[in-house]
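*Asks:* Residue numbers (the working numbering), protein chains in the order written: chain R, 1 to 161; chain H, 1001 to 1398.
Where a beta carbon is used, it is the ideal one built from N, C-alpha and C, also for glycine.
Since we're looking at a predicted model, the values are computed, not measured.
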Amino acid sequence: MMRRALVLLLLCCALPVFARTAPLEPLSAADVPALVKPPARGERIIALWALDCAYCEPNLAALVKLQRAHPHDIRLVLVATDGPATRGAVAARLEHMHMTDYPARLYAEPNPERIDFLIDPNWGGETPRTLVIRADGTRVAVSGELTPAQLRKIEPRRSER
Amino acid sequence: MKRIVCLVLLLCCAPLPLAAFAQGMHMAGMAHEPELGASAAFDSHGELWLVTVRDGHVLLQHSDDLGKKFSAPVEVNRSAEKIYDEGENRPKIAFGPQGQIYVTWSHPLAGPWTGYVRFARSLDGGKHFSTPITVNHDLAKITHRFDALAVDGHGRVVVAWVDKRDEVRAEATGKPYLGAAIYYSWSDDGGKTFAPDRKLMEHSCECCRIALAREPNGDVAAFFRGVFGDNIRDHAFAVLRTDGKPVHPQRATFENWNIAACPHQGPGLAIGSNGVLHGVWYEASHGPAIWYGQLDPGHPPTHVLKIGGPGAGHADVAVHGRDVWVAWNQVSAKGYRLMLRVSRDGGDTFDAPRAIAEADVAVYSPQLLVHDSHAFAAWNTASGFRLVAIDSATKDTP
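1. Compare the C-beta of Thr130 of chain R with all C-beta atoms of chain H and state if any pair is closer than 7 Å.
2. Kindly give me the distance between the Cβ atoms of Arg41 of chain R and Ala135 of chain R, rounded to whole angstroms, as I take these residues to be in contact under 8 Å.
3. CB Arg1078 of chain H to CB Gly1037 of chain H, shorter than 7 Å?
4. Can you find the residues in the same chain that come closer than 6 Å, C-beta to C-beta, to Trp1113 of chain H, ignoring five residues on each side of it along the sequence?
5. Return helix, strand or coil for Asn59 of chain R, following the three-state DSSP convention.
6. Use the C-beta contact count for Leu60 of chain R: other C-beta atoms within 10 angstroms, 16 or more gives buried, fewer gives exposed.
7. Please report whether the beta-carbon of Ile1259 of chain H lies at a distance below 7 Å from any beta-carbon of chain R.
8. Output, in chain order, the set of chain H residues within a Cβ distance shorter than 8 Å of Leu118 of chain R.
9. Leaving out the 5 sequence neighbours to the left and right, which residues in its chain are closer than 8 Å to Lys1068 of chain H when beta-carbon positions are compared?
10. Go ahead and pull the three-state DSSP assignment for Arg1165 of chain H.
11. Measuring CB to CB, does Leu1368 of chain H end up less than 7 Å from Ala1359 of chain H?
12. Closest to Val1117 of chain H by C-alpha separation, out of H:Arg1225, H:Asp1138, H:Ala1110, would be which residue?
13. Taking 7 Å as the CB-CB cut-off, is Arg68 of chain R touching chain H?
14. Rounded to whole angstroms, what is the Cα-Cα separation between Thr1302 of chain H and Ile1290 of chain H?
15. For the segment 1307-1338 of chain H, which segments carrying the beta strand (DSSP E) assignment without a break, of at least 3 residues, lie completely within its bounds, in sequence order?
16. Can you tell me whether His96 of chain R is buried or exposed? The criterion is at least 16 other CB atoms within 10 Å of its CB, across all chains shown.
17. So with CB distances below 8 Å, who are the chain B contacts of Tyr55 of chain R?
18. Where does the unbroken alpha helix (DSSP H) through His1278 of chain H begin, and where does it stop?
19. Quick one: which chain R residues come within Cβ less than 7 Å of Asn955 of chain H?
20. Any C-beta of chain H sitting closer than 7 Å to the C-beta of Arg105 of chain R?
21. Do Ala89 of chain R and Leu51 of chain R come within 7 Å of each other at the CB atom, strictly closer than that value?
22. Can you list, in chain order, the residues of its chain with a C-beta nearer than 7 Å to that of Ala62 of chain R? Leave out the 5 residues immediately preceding and following it.
23. In its own chain, which residues sit with a C-beta less than 6 Å from the C-beta of Gly1321 of chain H, not counting the 5 before and 5 after it?
24. For the segment 1282-1296 of chain H, which residues have a CB atom closer than 7 Å to at least one CB atom of chain R, in sequence order?
25. Along chain R, in chain order, which residues have C-beta atoms closer than 8 Å to that of Gly1313 of chain H?
26. Mind checking Asp1085 of chain H: buried by the 16 CB within 10 Å criterion, or exposed?
27. Quick one, are the C-beta atoms of Gln1294 of chain H and Gly1311 of chain H less than 7 Å apart?
28. By a C-beta neighbour count over all protein chains shown, 10 Å radius and 16 as the cutoff for buried, is Lys1164 of chain H buried or exposed?
29. Please work out which residues of its chain come closer than 6 Å, Cβ to Cβ, to Val1319 of chain H, disregarding the five sequence neighbours upstream and downstream, and give them in chain order.
30. What does the alpha-carbon distance come out to for the pair Phe1119 of chain H and Asp1323 of chain H?
Encoded structure:
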C-alpha cells in the first residue's frame, strides 16, 4: 500500500518537471549570430512575439502546427521581444499557450531595438515577425499574422527535406 | 518508508514556493531590471521634472540646472502597484495653470492586455500627491492603457487611452472587430473628478502610443495609429472635444501599411502657433521608415520627408516659431545614437541628420522639449537620464 502511494506521489511530483522541457533562455546581442546561423538541414523558424501582441498567439499556434507537420525539417524557436523584467509573465504565457515544448528565448535587454536590428535590420520591431532561415542561407521574413498562403510559402522546400 | 515519502514530498515541493515567488515578484511589478519608461517636462519657471518607475511606484524628481542634478524622488503612488513602463508605455506628467502637477500611468491587471488608466495630482509643488484614481469609468478587466495626458488652454486635464470595450462587445456577439478604440476623458476641476468616458474613434491600433498636442485655440488634439479598411495601420487626427460637440477623427497618413500586427511604435505630434500640424510616424509598407509631414486631416500630408530607414525608430517632433526639430533613435550593431534634424523654415526643408548623443546601453524613446524657445532632447538610458541641449549644436544651421 505504502509502496503504491510512493509511486503515485513520485509520478505526481514528476509532472511539473516534465511540463517545461525547454527552458526559457535569455537572448543577448552576443547570442544573435548563433540564433540566425543557417541550420545544417531544413529550416529554423524564429517566431518573434511580444506580450502586448494579441496577433502573436494565433501566429505561434499556426507555426507550431506547421512544425508538427514537418518535425524533421523545421526547428521552431520562440523568441519574446519583451525585456528581462517580464520573464515571469512570458513563462506564464508560454505555459498558458501550451508551448513549453519548444526552445524559448527572451530578450536580455530592456529595450528591444538593438536585438531587433541584429536579428534583422529590415525589421522595425512589429510583432508577430516570422523569420525563416534555411540551410542554404536564404531567409524569408514576414511581419504580421501569417496568412495560409504565407504559411505555405515558408514550408520546407522539397529539396531540403 | 515514511521517511522516504517525506523526503520525496519535500524535494518535490521545494521549487514551488520559489517559482511562485519569482512569478509574484514580476506580477507585483517588483522586478529590479532597469525600467526605462520615463517622461520629462519643463514647468513655466524652467524647472525640469522627470517621472520614472521603480518597484511599483511612479517617482517624481525635479532639477533646476537642466538635469545635472535631480531632487530626491517623491513617490506619486504611495501604495505600490503594477505599472506599464516598457515599450510604448511610460508614466506621463503635465502642469496646470496654477502649478498643479498631474501624473498618469497605465496599471496592468491580472489578464493579458488588460489595464486601467491611473491619475494623481499634486497641489503643493510635488511634495505630496493625491491618492491615485482610475480615470476610465468602464471598469471591465480589459485594455484601458497606453494613456496620454495633456492640459488644454482652459486648464482642463485631458486623458486619452487605447480601449477594447467595443472589441469585447463585438466578439461577444460573434462579430469580428479590428484593433481597439481610442477613448478619452477630461477633468474640469483640476483632476478631482473626470467626465464620463468618450469614444474618439473605433478601430485603433492596440499597442501604439497616442500623441497629444495643444492647438492655438487651446483645444487638445490627438494623432494616433488607426486601423482602416482591412487592417491598414495608418494614422488618424482628431480634436478631443470637451464642449459636447461631436468628434471628427480623420485619416491623416496614407501609406496603406496593411498588417495584422502590433507595430509598437506610435506617432509624434507638435502644433505650431500658426496651426500647422507637424507629425512624425513609423510604417513599414516598403521597409521600415520614419516620416515627417504636415498633416492635412482627410488628405495626405504635405512636405513629407523620409527621416530614417532601417534602425530608425520612436521619433518625436517639436516646434517653436519657424523652428521644427525631429529626434529619433538610430540603432546599429554598436548601440544607439540619438539623431536630430532641424528645420528653420517651418518644416518646409530640414538640414542633414546628425547624432547628438550616443549610448552603448539600452535607451528609451527620445522626447523633445521646448522651453524659452530652446529645444532639448530628453533621453532615458540604462545608465541614467540625459537632457541634451540641441540648440547649441544647431545654431549654425542655415
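*Replies:* Answer, in terms of the structure:
1. Not one beta carbon of chain H lies nearer than 7 Å to the beta carbon of Thr130 of chain R.
2. That belief holds up - the Cβ atoms of Arg41 of chain R and Ala135 of chain R are roughly 5 Å apart, short of 8 Å.
3. no
4. Thr1143
5. helix
6. buried
7. yes
8. Per Cβ cutoff of 8 Å: Ala1333.
9. none
10. helix
11. no
12. H:Asp1138
13. Under the 7 Å criterion on CB atoms, Arg68 of chain R is classed as non-interfacial with respect to chain H.
14. Approximately 15 Å between the Cα atoms of the pair.
15. 1312-1320, 1323-1331
16. Label assigned to His96 of chain R: exposed.
17. Chain labels in this structure do not include chain B; the protein chains are R and H.
18. Element bounds for His1278 of chain H: not the alpha helix (DSSP H) but the beta strand (DSSP E), 1277-1283.
19. The displayed coordinates of chain H run from 1001 to 1398. Any statement about residue 955 of chain H would go beyond what the structure contains.
20. no
21. yes
22. Leu146, Leu151
23. Within the same chain, Gly1321 of chain H has no close Cβ partners at all.
24. Tyr1282, Ala1284, Gly1287, Pro1288
25. Glu113, Gly124, Gly125
26. buried
27. no
28. When all chains shown are included, Lys1164 of chain H counts as buried.
29. Ala1270, Gly1272, His1278
30. About 33 Å.
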